[in-house]
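The structure appears below as structure tokens.
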Amino acid sequence: MCFSASASFIAGAALTVVGVASMSQVRKPAHMIFASLPLIFAIQQICEGFVWLSLSNLTFFWAHTYAKYAFLFFAQIIWPFWIPLAFLSIERVPRRRKIMRYFLFAGIAVSLLLTGRLIFSAAVAEIDGCHIAYKVGTTKAMQVLTGILYICSIVIAPFFSSWRTAIALATVNVVSLLITTLFFEVYLVSVWCFFAALQSVLVFFVMREIRRKSLENT
């Protein structure tokens, strides 16, 4: 599998359409947090498109630092707390909401830790074959701690949803993580975010299920 600026820009454009469609299904303001996932992924993919351009075309070199940190801002700061918050926003079962709050706290914690790492450590992005490798300085202990919290908030939290389509989305997310870890470990940040962006198409079906259930109850 080979990635490129074109792939990122096309994904960004497609996800914008999906995001607008997902937002059209919203019936409660709080659900906008979840429905906006494809739109946010679209922005992130467009940012990575510019990372590709800045590394392969001197004309766009001026955008490198901005695009690199914008991409990492979403990957390491926004997603750890936004994902559990998004699933919490659509949850209807009190007991499950309580559990999800703990994952949200874990997400906030890892977001703060990774924010500090991005501020105090240099970030490097470089093209390696058909992928972009992102490297940020850290210690082994910090890498393990943030890795555990990151997985808890982004991978495990969605499985506590009471929505059937949300569980399907969570399952696809696990599969994409396993594939990325097995075959693209060095490029995990870039490749997993790309897969996650594509699977955010399922957000539309989650929102449609919620809307249908809401209409049945009125």
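Taking this note's numbering, I'd label the letters of the sequence shown as residues 9 to 226.
Yeah, the Cβ is synthetic: ideal placement off N, Cα and C, and Gly gets one too.
Computed from a prediction, not measured in an experiment: that's the story for all the values here.
- Boundaries of the alpha helix (DSSP H) harbouring ILE98: 87-98, taken from the DSSP string.
- In this structure, the alpha-carbon of SER64 lies about 21 Å from that of ALA50.
- The criterion of a C-beta distance shorter than 8 Å is not satisfied by PHE81 and LEU112.
- Counted as a single uninterrupted DSSP element, the beta strand (DSSP E) harbouring VAL144 occupies residues 139-144.
- DSSP, reduced to helix, strand and coil, places ALA133 within a strand of the structure shown.
- LEU190 counts as exposed, since fewer than 16 other beta carbons sit within 10 angstroms of its beta carbon.
- Measuring C-alpha to C-alpha distances from ALA19 to each of ILE107, GLU217, GLY57, ALA149 identifies GLY57 as the nearest.
- According to the DSSP assignment, CYS55 belongs to the alpha helix (DSSP H) that extends over 45-64.
- Judged by DSSP secondary structure, ASN225 falls outside any alpha helix (DSSP H); it is assigned neither H nor E.
- The beta carbon of MET108 lies closer than 7 Å to those of PRO92, PHE95, LEU96, GLU99, ALA165, PHE168 in the same chain, with the five residues before and after it left out.
- Taking each of GLU134, ALA83, ARG219 in turn and checking the Cα distance to LEU120, the smallest one comes out for ALA83.
- Burial check for VAL132: the Cβ neighbour count within 10 Å stays below 16, so the residue is exposed.
- For TRP200, the uninterrupted alpha helix (DSSP H) run begins and ends at 196-207, by DSSP.
- In the displayed model, GLN33 falls within coil according to three-state DSSP, outside both helix and strand.
- Just so you know, the alpha carbons of HIS39 and LEU206 end up roughly 20 Å apart.
- If you ignore the 5 residues before and after VAL182, its C-beta comes within less than 8 Å of the C-beta of VAL163, all in its own chain and listed in chain order.
- By the neighbour-count criterion, in which a residue is buried when 16 or more other Cβ atoms sit within 10 angstroms of its Cβ, PRO102 is exposed.
- When rounded, the separation of the alpha-carbon atoms in PHE202 and GLN52 is 9 Å.
- Annotated three-state conformation of THR147 is coil, per DSSP.
- Look at SER16 here: in three-state DSSP terms it is helix.
- Its Cα nearest to that of ILE127, the residue GLY145 stands out among GLY145, ASP136, CYS138, ALA114.
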